[in-house]
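S.K.:
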Amino acid sequence: MADIPALQNIASQVRRDIIRMVHAVQSGHPGGSLGCTEFFVALYNEILTCSTDFSMDGHNEDLF
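All you need for our numbering is the position in the sequence shown, starting with 1, plus 120.
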């Protein structure tokens, strides 16, 4: 289980990535993505079961 500062660091990086992507295409509405960042960081890092060798077969993993 990750600690709160680690999750906050991940969320900050995700926000930076969102801003970079929106700026790169000169289009988009980042408000929704930025607003959901903490939720998805916690979901993917603490709740869902995901492995790095994800094969799309769905066995023993949460699909979202």
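The beta-carbon is built from N, C-alpha and C at its ideal position, and this holds for glycine as well.
#1: Roughly how many whole angstroms lie between the Cα atoms of N180 and D173?
#2: Can you give me the start and stop residues for the alpha helix (DSSP H) that D137 sits inside?
#3: Using a threshold of 8 Å, state whether the C-beta atoms of V142 and T157 are closer than that.
#4: If you count every other CB in all the chains shown that lies within 10 Å of the CB of V161, and 16 or more means buried, which is it?
#5: What is the rounded straight-line gap between the Cα of I138 and the Cα of I130?
M.R.: So, from the data block:
#1: 12 Å
#2: I124 to V145
#3: no
#4: Burial is judged here by how many other beta carbons sit within 10 angstroms of a residue's own beta carbon; V161 has at least 16 and is buried.
#5: 12 Å
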